[in-house]
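Participant:
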Amino acid sequence: MTYSNSLAMSRHQFASRNVSNVKFRSSKARTLGPVSNTVILIVLACLLGLLYLTQVTKTNAYGYKINNLQQQQQQLAAQHDDLEVASARLQSLDRVASSAPAKSLVAVAPSGSVTN
Amino acid sequence: MFPSSPVKNDFVLALKRVRLWYALLVVIFSIFLVRLFYLQVIRHDYYRQSALSDQLKQYQIPASRGIIDAHDGSNVVPLVLNQKLYTLYADPTYVKNASTVAAKVASIIGGDANKYQAELTVKDTRYSILAKKLTEAQNKQIVALKYPGLGTQEQDYRTYPQGSLAAQLLGFVNNDGLGTYGVEQALNRQLKGKPGELKAITDVNGVPLAASGNNIMTSPTQGDQVTLTIDLGIQKQVESILAAQVKSSKADGGSVVVMDTNSGAVKAMANYPTYDPSNYADVSNSSVFNNATVTTPIEVGSIMKTLTTAAALDQGVIQPNTTYNDPSHWTVDGFNITNIEQDGGPGVRSIADLLNLSLNTGATWELMQMGGGGPINQKGRDAWYNYMAKHFRLGQPTGIEQGYESPGIVPKPDDNGAGIDLTYANTAFGQAMTATPIQMASAISAVLNGGTYYQPHLVDQTTTADGKVTTTGTKILAKDVVAPKVGQAMVPLMQYVVQNHFIVPPFDQTHYIVGGKTGTAQIAKPGGGYRDDVYNGTYLGFVGGDKPQYTIAVFMDKPQVVAGAYAGTAAAQPVFAGIAHMLINNAYVTPKSQ
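Which chain is which? The protein sequence lines are A and B, in order.
Going by this note's numbering, the residue at position 4 of the first sequence is 12; the numbering climbs one at a time, nothing skipped.
Going by this note's numbering, the residue at position 202 of the second sequence is 192; the numbering climbs one at a time, nothing skipped.
1. Considering just the uninterrupted stretch of the beta strand (DSSP E) at Thr321(B), what are its terminal residues?
2. Comparing alpha-carbon positions, which option in Val544(B), Gln45(B), Leu110(B) and Val163(B) lies nearest Gly141(B)?
3. Can you list the beta strand (DSSP E) stretches of 3 or more residues lying completely in the segment 405 to 492 of chain B, in chain order?
4. Would you say Ser100(A) reaches chain B, if we count a Cβ-Cβ gap shorter than 7 Å as a contact?
5. Which word fits Trp355(B), buried or exposed, when buried means at least 16 other C-beta atoms lie within 10 angstroms of its C-beta?
6. Using the three-state DSSP reduction, which class does Thr312(B) fall into: helix, strand or coil?
7. If we ignore side chains and look at the alpha-carbon of each, how far apart do Val93(A) and Asn205(B) end up?
8. How many Å lie between Leu49(A) and Leu26(B) at the Cα?
9. Provide the residue(s) that pair with Gln512(B) in DSSP beta bridges, ordered along the chain.
10. Under the rule that 16 or more other beta-carbon atoms within 10 Å means buried, what is Lys(-2)(B), buried or exposed?
11. Please list the residues of the segment 55 to 79 of chain A that have a C-beta atom closer than 7 Å to any C-beta atom in chain B, keeping them in chain order.
12. Counting Cβ pairs, one atom from each stretch, are 3 or more of them under 8 Å apart for the segment 526 to 536 of chain B and the segment 192 to 211 of chain B?
13. So what does Lys184(B) bridge to, in DSSP terms?
14. Only counting runs of 3 or more residues, tell me where the beta strand (DSSP E) segments fall wholly within the segment 522 to 564 of chain B, in order along the chain.
15. Name, going along the chain, the residues of the segment 168 to 201 of chain B whose beta-carbon falls closer than 7 Å to a beta-carbon of chain A.
16. When the cut-off is 7 Å and only beta carbons count, does Arg38(A) lie next to chain B?
17. Quick check on the burial criterion: 16 or more other C-beta atoms within 10 angstroms. Buried or exposed for Val133(B)?
18. Given that a residue counts as buried once 16 or more other Cβ atoms are within 10 Å of its Cβ, and exposed if not, what is Gly352(B)?
19. Please report whether the beta-carbon of Val93(A) lies at a distance below 7 Å from any beta-carbon of chain B.
20. Just the C-alpha distance for Gly505(B) and Met484(B), rounded to the nearest angstrom, thanks.
21. Take Leu113(A) and list the residues in its own chain whose beta-carbon comes closer than 8 Å to its own, dropping the five residues that flank it on each side.
22. Rounded to the nearest angstrom, how far is the Cβ of Thr426(B) from that of Val284(B), given a contact under 8 Å?
23. Do the segment 407 to 414 of chain B and the segment 427 to 440 of chain B touch if we need at least three Cβ pairs shorter than 8 Å?
24. Kindly indicate which residue of Glu229(B), His381(B), Asn104(B) and Ile224(B) has the alpha-carbon position closest to the one of Val579(B).
25. Whole angstroms is fine: what's the gap from Gln392(B)'s alpha carbon to Pro446(B)'s?
26. Tell me the DSSP secondary structure of Leu77(A) in three-state form.
27. Name the two residues that bound the continuous beta strand (DSSP E) containing Val67(B).
28. Residues in its own chain within less than 7 Å of Gly153(B) by CB, not counting five upstream and five downstream?
29. In chain B, which residues lie with their C-beta within 9 Å of the C-beta of Ala86(A)?
30. Would you verify that the beta carbon of Pro68(B) is, or is not, closer than 7 Å to some beta carbon of chain A?
31. Quick check: the segment 80 to 87 of chain B against the segment 106 to 120 of chain B, are there 3 or more CB pairs under 8 Å?
32. State yes or no: is the beta carbon of Ala108(A) nearer than 7 Å to at least one beta carbon in chain B?
33. Below 8 Å, can you find three or more Cβ-Cβ pairs linking the segment 477 to 493 of chain B to the segment 235 to 246 of chain B?
34. Using CA coordinates, which residue listed in Ile293(B), Asp323(B) and Val488(B) is at the minimum distance from Ala431(B)?
35. Would you say Pro151(B) lies against chain A (beta-carbon separation less than 7 Å)?
36. Decide if Glu229(B) is buried, meaning its Cβ has at least 16 other Cβ atoms within 10 Å, or exposed.
What follows is the structure in structure tokens.
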């Protein structure tokens, strides 16, 4: 049996009269074998792992950002405290009393000496 | 039978070898599996903890301590703030070229380079402190040097922009973060806040990894902001007046309370000598930390006669215009109670004379009237004790927001077989009992305002971190301490004392009312009896317009007065007069409406 005969015979079993056997398609669904399945699963797992790692790295990078911002916040708060202290010191009674305008003030007569 | 072929034999041998390797592989994998099972399942907790101990960091986030401020007229200004400062330290084992390092450090932070060099070359230590309280700018400059062995450490400090103003009233925060003395101690729980917590998986530098699902963070609750009733202007001037008088009278010290007569709000509370709370560690005598106006009761002396008179008036056993025959001495339990020589001996005396001349015999006579008019008896003692302890609330803490408040002592009236009548006669003129300036100011305020005992208080309002404001307000501890007419009677009686004492300049009693009473108190010896070489000077008075507005209590500790002068008149009265004038001159007092 030649190869062409064999091919013809195998087609023949699906052939019927007046039906074009050119349009023939197998009704049986194609399935993947166990090796393919395993490979695909491994690839998917790797992809998922990679995705997890990128997300974790990204999130941890935000952690550093947060940490930096917190440090900045602390520095600004410390600066605010320093400025508040400096402002309070500049307005302190001792400083006001020793200022030039205060030194030029004159004492008023005591209350007992006041006559209306 | 065919003999076995060499090919077949090789195949069998190969198969055996494969099976052997396979078995070996199974054994090795089994060993791995067992070991992994042991490590990961059986020793799971141990290794988990071990890993977490390296990765899991638990931090306490400190809460910022609440600031304390006070009134300055209509403004509120800070008295205590927080500041982050730095400690400069060195590990001498790593320091190279100490002289260069010391010179550079001195050029940044000031100070003596030789001293720094000595610290940088100290042997047998890995931690030598060069300087404390460096500013942020100085810290940055030091860090930029990158000298090996040199480091800075951040530390929170309480900062006092007004310097030593109101130091004893405020107290300080010790190295353990605990409020000590004054408001800091009394309100420590409110001021300190609640620390937060961060529990997180961290990297090698201790930075929390955000991806960890088990991170826990609790934010700290900042301490409450406390606004005091103190008026900065009054406080400052009271401190100046007191300091000047302590120095001029060469007293060991002095204390003053200025209080709103009609609310119990303390406007000034001063002590001298004082200290700088930002450098409390430099203080050698820790007694200077005490706010003596609340912590140090003394035998108050003749200022007590104001309360004795008020009690007698309230009981109706005397009237403001009552006169009596003063014998100039009484014998009680075998001891003589006398007056000072200047009082002029026996005679008919008024209640105004009793206060103005400060007659011990007069106060004893008032106690006798409480018992029915005869010698001192149980009825009189019970009545007087009731007024001292229940009406005037002596012998118990006032509850003011201060650390270490002392209750003072009021003797029980029951006969103890140890001369209780003499003891009680003494209490009538301020001996054999003790009280603090705040107790005396609160008691006379209750008399002068018509009978309401307001709790003396220093806190005007508190503000929580989320902005919730709570006004403390006035708190009435007792009503009907005395009848309103007693207060009305005591005002002119105490004015009479002021008008008849030598005060320069005199007070303008036309537009204001100023009254008071001096006290010269004997000082008990530790072994019994009283010292005859030195006395305490006290003064209790008021200033106001239509009604008493401020109550002033002055205690002077062992002033040295000239021969023939009395500590109350010579040392304490000038402080009262100075403060009363200051309050009038600075328009703190509302003049009479007519």
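Yeah, the Cβ is synthetic: ideal placement off N, Cα and C, and Gly gets one too.
Facilitator: Looking at the coordinates:
1. Looking up residue 321(B) in the second sequence gives position 331. Segment His319 to Val322, the beta strand (DSSP E) holding Thr321(B).
2. As a first step, residue 141(B) must be located in the second sequence, where it is residue number 151. Comparing Cα-Cα distances from Gly141(B) to each of Val544(B), Gln45(B), Leu110(B) and Val163(B), the minimum goes to Leu110(B).
3. 449 to 453, 459 to 461 and 466 to 468
4. Position 92 of the first sequence, counted from the first residue, corresponds to residue 100(A). Chain B, which has a Cβ nearer than 7 Å to the Cβ of Ser100(A), makes this yes.
5. As a position in the second sequence, residue 355(B) is number 365, starting the count at 1. Classification for Trp355(B): buried.
6. In the second sequence, the residue the question calls residue 312(B) occupies position 322. Of the three classes helix, strand and coil, the one that applies to Thr312(B) here is coil, per DSSP.
7. Taking the first residue of the first sequence as position 1, residue 93(A) is located at position 85. Taking the first residue of the second sequence as position 1, residue 205(B) is located at position 215. Using only the alpha carbons, I get a separation of about 35 Å.
8. Sequence index remark: in the first sequence, residue 49(A) carries index 41 (1-based). Sequence index remark: in the second sequence, residue 26(B) carries index 36 (1-based). Whole-angstrom Cα-Cα distance: 25 Å.
9. Here residue 512(B) refers to the residue found at position 522 of the second sequence. Bridge partners of Gln512(B): Tyr525(B).
10. What you label residue -2(B) is simply residue 8 of the second sequence in a count that begins at 1. Burial call: exposed.
11. Val64, Thr67, Asn68, Tyr70, Gly71, Tyr72, Ile74 and Asn75
12. no
13. As a first step, residue 184(B) must be located in the second sequence, where it is residue number 194. Beta-bridge pairing links Lys184(B) to Thr211(B).
14. 538 to 547
15. Those would be Val197, Pro198, Leu199, Ala200 and Ala201, in chain order.
16. Position 30 of the first sequence, counted from the start, is the residue given in the question as residue 38(A). No, Arg38(A) does not count as interfacial toward chain B.
17. Within the second sequence, numbered from 1, the residue matching residue 133(B) stands at position 143. With fewer than 16 Cβ atoms within 10 Å of its Cβ, Val133(B) is classed as exposed.
18. By 1-based counting over the second sequence, the position of residue 352(B) is 362. Gly352(B) is buried by the Cβ-count criterion.
19. Counting from 1 along the first sequence, the entry for residue 93(A) is found at position 85. Yes, Val93(A) lies at the interface with chain B (some Cβ there is under 7 Å from its Cβ).
20. For the purposes of this step, residue 505(B) is taken as residue 515 along the second sequence, with counting starting at 1. For the purposes of this step, residue 484(B) is taken as residue 494 along the second sequence, with counting starting at 1. A straight-line Cα-Cα distance of about 4 Å links Gly505(B) and Met484(B).
21. Residue numbering aside, residue 113(A) sits at position 105 when the first sequence is read from its first letter. Closer than 8 Å at Cβ, skipping near neighbours: no residue.
22. Along the second sequence, read from residue 1 onward, the residue named residue 426(B) stands at position 436. Along the second sequence, read from residue 1 onward, the residue named residue 284(B) stands at position 294. With a Cβ gap of about 5 Å, Thr426(B) and Val284(B) count as contacting.
23. no
24. In the second sequence, counting from the first residue as 1, residue 579(B) sits at position 589. Of the candidates Glu229(B), His381(B), Asn104(B) and Ile224(B), the residue whose Cα lies closest to the Cα of Val579(B) is Ile224(B).
25. On the second sequence, residue 392(B) is found 402 positions in, with the first residue counted as 1. On the second sequence, residue 446(B) is found 456 positions in, with the first residue counted as 1. Going by the C-alpha atoms only, they are around 11 Å apart.
26. On the first sequence, residue 77(A) is found 69 positions in, with the first residue counted as 1. Helix at Leu77(A).
27. As a position in the second sequence, residue 67(B) is number 77, starting the count at 1. Here the beta strand (DSSP E) through Val67(B) covers Asn65 to Ala80.
28. Position 163 of the second sequence holds residue 153(B). Correct list, in chain order: Asp266.
29. Locating residue 86(A) in the first sequence gives position 78, where the first residue counts as 1. At a C-beta separation below 9 Å, Ala86(A) has these neighbours in chain B: Gln73, Lys74, Glu126 and Glu144.
30. Sequence index remark: in the second sequence, residue 68(B) carries index 78 (1-based). Yes, its Cβ sits closer than 7 Å to a Cβ of chain A.
31. yes
32. Within the first sequence, numbered from 1, the residue matching residue 108(A) stands at position 100. It does not; no Cβ of chain B falls within 7 Å.
33. No, because fewer than three Cβ pairs between the segment 477 to 493 of chain B and the segment 235 to 246 of chain B fall closer than 8 Å, the two stretches do not touch.
34. Counting from 1 along the second sequence, the entry for residue 431(B) is found at position 441. When each option's Cα is compared against that of Ala431(B), the closest is Ile293(B).
35. For the purposes of this step, residue 151(B) is taken as the residue at position 161 of the second sequence. Yes - at least one Cβ of chain A is within 7 Å of the one on Pro151(B).
36. Position 239 of the second sequence, counted from the first residue, corresponds to residue 229(B). Buried: at least 16 other Cβ atoms inside 10 Å.
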